[in-house]
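*Asks:* My questions all concern the structure below.
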Amino acid sequence: MNFVRIILSGDLSIYTKLEILKQKAMAFTIKLLNIFKKPQAVESPIKQPGSGIGTFNYKGFIFYYNNHGIRADLLKSGNWSYDQEIASSIIAELTKSSAPVFLDIGAHAGFITLNILEKVPSAQVFAFEPGILQSSLFEKTIKANNLNDKVILYREALGRETGITSFICQESPDVDWSMNNGFLDTGRGKGKQKRVEVKVQTVDKWWKEAGQPKVSVVKMDTEGAELWILQGGTEFLSACKPAIFLEINPLNLHVYPYGARDILVWLDNHNYCVETLGGVRVVPDNLKRILKDNEFFVARPNAGHE
Numbered sequence: 250m251n252f253v254r255i256i257l258s259g260d261l262s263i264y265t266k267l268e269i270l271k272q273k274a275m276a277f278t279i280k281l282l283n284i285f286k287k288p289q290a291v292e293s294p295i296k297q298p299g300s301g302i303g304t305f306n307y308k309g310f311i312f313y314y315n316n317h318g319i320r321a322d323l324l325k326s327g328n329w330s331y332d333q334e335i336a337s338s339i340i341a342e343l344t345k346s347s348a349p350v351f352l353d354i355g356a357h358a359g360f361i362t363l364n365i366l367e368k369v370p371s372a373q374v375f376a377f378e379p380g381i382l383q384s385s386l387f388e389k390t391i392k393a394n395n396l397n398d399k400v401i402l403y404r405e406a407l408g409r410e411t412g413i414t415s416f417i418c419q420e421s422p423d424v425d426w427s428m429n430n431g432f433l434d435t436g437r438g439k440g441k442q443k444r445v446e447v448k449v450q451t452v453d454k455w456w457k458e459a460g461q462p463k464v465s466v467v468k469m470d471t472e473g474a475e476l477w478i479l480q481g482g483t484e485f486l487s488a489c490k491p492a493i494f495l496e497i498n499p500l501n502l503h504v505y506p507y508g509a510r511d512i513l514v515w516l517d518n519h520n521y522c523v524e525t526l527g528g529v530r531v532v533p534d535n536l537k538r539i540l541k542d543n544e545f546f547v548a549r550p551n552a553g554h555e
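Counting from 250, one number per residue, gives the positions in the sequence shown under the numbering used here.
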């Protein structure tokens, strides 16, 4: 049982261990129930679009997913809480704006975006996802729900400079976790992976070419590349001053030329303060302790810099 060995290891935070254990156990239970469950008629049958890819109703949208992955089972059962907890915090922030604009960096297959559009249908979304499978699924979801005017998807990466670079993509059947999709190999991926060439641009370049939209909220979940992306968006941050929801996870950062403290210091130098999603202020002195139980944070402009 690989996941048992993961849980017993000392490399993961308590939060991550419990989350993985809960999700694996829930997925296993769901699979057992499905084995013994009598076949039932589907109320609204939707065509399954090909090997390994399916659709189901998620947050009122037709959602394309990888039906080999654990996350799909949890989503369909309503027991996937991680993305929804983050989405709830983002939604609360977006509702403060009369014209909400959301920048989803590391959008995956659209989990967070769909949560937001369900609760804040007036939101405009700009989404970046370079992962081959994830961006393909998200693109199908956008088209199936006629969301082209609400969601603009860029199948490319963001970084500190523009150009073409190699990007790791998982080829495992459980690819929808995307734990190792990124510029560098964090060692968290399972199964086969491959490197592909992707286009990279900076947030500043994108923002100017997009007409300088007044972005209210940014979400960043990029498997360790968060600081590089911030460094490529200084003009954007200075002008828009958005709230930034971002992952800070040492399990990803250990292969990058910076750590969690560097991200904290950079944000402080650019007039941002960092908190846990529960509202606890994060500073260098308590960072190590807080990282044991948290991996997603929110950075907001300091008072006087909003």
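From the three backbone atoms N, C-alpha and C, an ideal C-beta is built for every residue, glycine too.
Out of N397, E334, D398, which one is the CA nearest neighbour of F545?
*Replies:* The shortest C-alpha separation from F545 is found at E334.
*Asks:* Taking contact to mean 3 or more Cβ pairs, one atom from each stretch, closer than 8 angstroms, check whether the region 495–515 and the region 464–479 are in contact.
*Replies:* Yes, the region 495–515 is in contact with the region 464–479.
*Asks:* Under DSSP, the alpha helix (DSSP H) around K368 begins and ends at which residues?
*Replies:* Start and end: 360–368.
*Asks:* So, V350 versus V464, is the Cβ gap smaller than 8 angstroms?
*Replies:* Contact: yes.
*Asks:* From L502 to A509, what distance separates their C-alpha atoms?
*Replies:* If I take the Cα positions, the gap works out to 7 angstroms.
*Asks:* For N306, which three-state DSSP category applies?
*Replies:* Of the three classes helix, strand and coil, the one that applies to N306 here is strand, per DSSP.
*Asks:* Over the uninterrupted alpha helix (DSSP H) stretch that includes A509, give me the two end residues.
*Replies:* That run of the alpha helix (DSSP H) goes 509–518.
*Asks:* Return the Cβ separation of V445 and C418 in integer angstroms, given the expectation that the two are a contact with Cβ distance under 8 angstroms.
*Replies:* That pair is a contact at about 6 angstroms.
*Asks:* Have a look at P379 and G355 and give me their C-alpha separation to the nearest angstrom.
*Replies:* If I take the Cα positions, the gap works out to 8 angstroms.
*Asks:* Taking only the alpha-carbon atoms, compute the straight-line gap between P370 and N551 and give it to the nearest angstrom.
*Replies:* Their Cα atoms are separated by approximately 29 angstroms.
*Asks:* Taking buried to mean at least 16 other C-beta atoms within 10 Å of its own C-beta, is K537 buried or exposed?
*Replies:* Classification for K537: exposed.
*Asks:* Rounded to whole angstroms, what's the CA-CA distance from N306 to F312? Just pull it up for me.
*Replies:* Between N306 and F312, the C-alpha separation is close to 6 angstroms.
*Asks:* I need the DSSP call for A552, collapsed to helix, strand or coil.
*Replies:* DSSP places A552 in coil when its eight states are reduced to three.
*Asks:* I need the straight-line Cα distance from L433 to T414, nearest angstrom please.
*Replies:* Their Cα atoms are separated by approximately 11 angstroms.
*Asks:* Determine the contact status of N364 and K308, defining contact as a CB-CB distance below 8 angstroms.
*Replies:* Cβ atoms of N364 and K308: closer than 8 angstroms.
*Asks:* Name the residue from S338, L516, P533, S384 whose alpha carbon lies nearest to the alpha carbon of Q208.
*Replies:* No statement about residue 208 is possible, as the shown extent of the chain runs from 250 to 555 and does not include it.
*Asks:* In chain order, what residues of the same chain lie with their CB nearer than 8 angstroms to the CB of I381, ignoring the 5 residues before and after it?
*Replies:* Cβ within range, chain order: C418, V445.
*Asks:* Measure the CB-CB distance between F375 and A459 and report whether it falls below 8 angstroms.
*Replies:* Cβ distance < 8 angstroms, so F375 and A459 count as in contact.
*Asks:* Give the DSSP bridge partners of V529, in chain order.
*Replies:* Paired residue(s): none; V529 is not in a bridge.
*Asks:* Sort S338, I340, K368 by Cα distance to F310 and report the nearest one.
*Replies:* Among S338, I340, K368, the Cα nearest to that of F310 is on K368.
*Asks:* Would you kindly work out how many angstroms separate the C-alpha atoms of N430 and I401, rounded to a whole number?
*Replies:* Distance between the alpha carbons of N430 and I401: 21 angstroms.
*Asks:* Return helix, strand or coil for R565, following the three-state DSSP convention.
*Replies:* Missing from the structure shown is residue 565; the chain here goes from 250 to 555 and no further.
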